[in-house]
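Numbering (the working numbering), first residue to last: 1028 to 1349.
Backbone N, C-alpha and C fix where the C-beta goes; we use that ideal spot for every residue, glycine too.
A quick write-up on the structure given underneath.
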């Protein structure tokens, strides 16, 4: 029987373990990985190769347990949202603020994009791209409503904790960013070595300028795929280059500054150098240049016209009391 005709209800969470959730009324499912809470050192030490100033000072952070998507949100998942909520016209200001109090049928979704948002690289399990962080937030709200859970974007701290998977180096595997920028090294990797960066990260030297199917990439110690490379990922936090210095040691569940103009993005992408796909590397959205060629007035709040390397993955909150 065709999988598209097999409909499921949303999954019930009864224990803290990995689970597969379903978008009700469809054959679409996605895997969530249980990440036990704990403490870790966020950021990079001064001697880490390719380190930037916005990665420090290193600060101890504590986090509650949560679930995070095994892979980035795919086109298969995102297009269900687009089909269910998409609108033909401009979106009114009333929908710029998203709350989890809205019913699914009251959620106004994306207007149609200009051009082919997948760039012709493929949909299905390829990561959805070119949406804005506002669109990603609304997707999470919609997913929360239809599944009865609390989905959202990861905080920056949750993202780095999950990306590291208990490791403390530049990557979750052994290696030096300078070494990984060598074309001679990359040639050797493709010929024989099965343990190096090309197996774990789709980045500038091996990506051929495009995203890849997550099935092509090995997971990190938590079982998460493409935390580094492929597409950079939106976080919930507003971006502040100096935020780590404003946190107190041992801070619990930090969420970044209260307000801001740009959002944090993490992980680097298929366009990034090896030093930009480290676990601690930080970047941010660039709203004006990423909407430069959008012909609409006002500019779209749903799609970036000039950004093809950013997507997102979801977090599901774990309520230990329920």
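Where residue i sits in the DSSP three-state scheme
| i | result |
| --- | --- |
| residue 1273 | helix |
| residue 1178 | strand |
| residue 1247 | coil |
| residue 1203 | coil |
| residue 1334 | coil |
| residue 1089 | strand |
| residue 1229 | strand |
| residue 1058 | strand |
| residue 1256 | strand |
| residue 1278 | strand |
| residue 1065 | strand |
| residue 1154 | strand |
| residue 1167 | helix |
| residue 1191 | helix |
| residue 1113 | coil |
| residue 1328 | coil |
| residue 1121 | For residue 1121, the pLDDT reaches just 37, beneath the cut-off of 50, and the residue's location in the model is therefore unreliable, leaving the point undetermined. |
| residue 1035 | coil |
| residue 1131 | Only weak support is given to the placement of residue 1131: the predicted model assigns it a pLDDT of 46, under 50, and the value that follows is read from those uncertain coordinates. Reduced to three states, the DSSP call for residue 1131 is helix. |
| residue 1076 | coil |
| residue 1044 | coil |
| residue 1239 | coil |
| residue 1083 | coil |
| residue 1314 | helix |
| residue 1100 | coil |
| residue 1345 | coil |
| residue 1261 | strand |
| residue 1016 | The chain is shown from 1028 up to 1349; residue 1016 falls before or after that span and cannot be answered. |
Same chain, Cβ closer than 6 Å to residue i, neighbours up to 5 away in sequence not counted
| i | result |
| --- | --- |
| residue 1161 | 1328 |
| residue 1358 | Residue numbering for the chain in the displayed model covers 1028 to 1349; residue 1358 lies beyond these limits and cannot be assessed. |
| residue 1186 | 1262, 1293 |
| residue 1170 | 1178 |
| residue 1062 | 1093, 1095, 1189 |
| residue 1304 | 1228, 1230, 1255, 1256, 1295 |
Nonlocal neighbours in the same chain, by C-beta distance under 8 Å from residue i, ignoring five residues either side
| i | result |
| --- | --- |
| residue 1089 | 1064, 1065, 1066, 1277, 1278, 1279, 1280 |
| residue 1129 | Bear in mind that a pLDDT of 44 at residue 1129, under 50, signals an unreliable position, so the number given afterwards is only what the model happens to contain. Around residue 1129: 1168, 1172. |
| residue 1208 | 1232, 1300, 1301, 1302 |
| residue 1105 | 1155, 1158, 1166 |
| residue 1236 | 1297, 1298 |
Identity of the residue in the options nearest residue i by Cα
| i | options | result |
| --- | --- | --- |
| residue 1249 | 1113, 1106, 1227, 1168 | 1227 |
| residue 1338 | 1244, 1155, 1188 | 1155 |
| residue 1295 | 1310, 1068, 1251, 1098 | 1310 |
| residue 1188 | 1286, 1055, 1093 | 1093 |
| residue 1306 | 1196, 1073, 1035, 1039 | 1196 |
| residue 1108 | 1095, 1291, 1053, 1324 | 1053 |
| residue 1333 | 1323, 1319, 1326 | 1319 |
Supposed contact pair residue j and residue i - C-beta distance, whole angstroms, cut 8 Å
| i | j | result |
| --- | --- | --- |
| residue 1100 | residue 1341 | 6 Å |
| residue 1313 | residue 1262 | With a Cβ gap of about 15 Å, residue 1313 and residue 1262 do not count as contacting. |
| residue 1266 | residue 1289 | 5 Å |
| residue 1057 | residue 1102 | Not quite, the Cβ-Cβ distance comes to about 12 Å (not below 8 Å), so this is no contact. |
| residue 1086 | residue 1274 | 5 Å |
| residue 1037 | residue 1174 | 4 Å |
| residue 1098 | residue 1241 | 4 Å |
Beta-carbon contacts of residue i that lie in its chain and below 7 Å, excluding the five residues immediately before and after
| i | result |
| --- | --- |
| residue 1121 | Low confidence applies to residue 1121: its pLDDT is 37, below 50, so where it sits in the model is not reliable enough to give any reading. |
| residue 1205 | 1076 |
| residue 1183 | 1262, 1264, 1283, 1291, 1293 |
| residue 1200 | 1227 |
beta-carbon residue i near the ligand FAD non-hydrogen atom, thresh 7 Å
| i | result |
| --- | --- |
| residue 1079 | Ligands in the displayed structure: none, and consequently the ligand FAD is not present. |
Proximity test, Cβ basis, 8 Å: residue i and chain C
| i | result |
| --- | --- |
| residue 1201 | Checking the listed chains, one finds no chain C in this structure; it contains a single protein chain. |
Quiz item: Any chance the stretch 1067-1085 sits against the stretch 1041-1051, with 3 or more Cβ pairs inside 8 Å?
Solution: Cβ pair count under 8 Å is below three, so no.
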